[in-house]
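Peer 1: In our numbering, the protein residues as written are 1026 to 1180.
Glycine residues also receive a C-beta, built at the ideal position from the N, C-alpha and C atoms.
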């Protein structure tokens, strides 16, 4: 279970919105942002995903490029519809039993609603930055990009 910046993100495997198996190890050696959201039907989560969409080309243009992965409890078919409707360019993964969310220690609020948390993970799978964006979806991506700038300039 990941609890602190500096820990290594554990390997996991989940289904994509296309129904294919995705292994986290496919991104070894790359910078990545893994963000957890509640549901695609939620207005706050939709805004958060759209913010990532709006800045996706910027993430990919960074040196080195950053991959973006969204994870929620939504089913594969729900993710497929959500991704198509919003034309999201990044991978969405289905975590119906919150197995991966729990590995990353993503909390729930009021015991029901999962927090919306993001993790900036380095090429060595080390966690460099964690951000909780529960009520701030518009500021979320800007904060992640700012953190990426600081982290990669230190490297």
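(1) For residue 1034, does the count of other Cβ atoms within 10 angstroms reach 16, so buried, or fall short, so exposed?
(2) Beta carbon of residue 1142, beta carbon of residue 1157: below 7 Å?
(3) Pick helix, strand or coil for residue 1038, following the three-state DSSP scheme.
(4) For a test of the three-state rule: what should DSSP assign to residue 1169, helix, strand or coil?
(5) Give the single residue among 1122, 1129, 1056 whose Cα lies nearest to the Cα of residue 1172.
(6) Between the Cα of residue 1001 and those of 1050, 1103, 1089, 1066, spot the shortest distance and give me the residue it belongs to.
(7) For residue 1029, count the other beta carbons within 10 Å of its own beta carbon; 16 or more makes it buried, fewer makes it exposed. Which is it?
(8) Per DSSP, what are the beta-bridge partners of residue 1060 in this structure?
(9) Exposed or buried, residue 1116, counting other C-beta atoms within 10 Å across all chains shown (16 or more means buried)?
(10) Between the alpha carbons of residue 1026 and residue 1129, how many angstroms are there, rounded?
Peer 2: So, from the data block:
(1) buried
(2) yes
(3) strand
(4) helix
(5) 1056
(6) No answer is possible for residue 1001: it lies beyond the span of the chain, which begins at 1026 and ends at 1180.
(7) exposed
(8) 1095, 1143
(9) buried
(10) Residue placement at residue 1026 is poorly supported in this model, since its pLDDT is 46, which falls under 50; the coordinates are not used for a value here.
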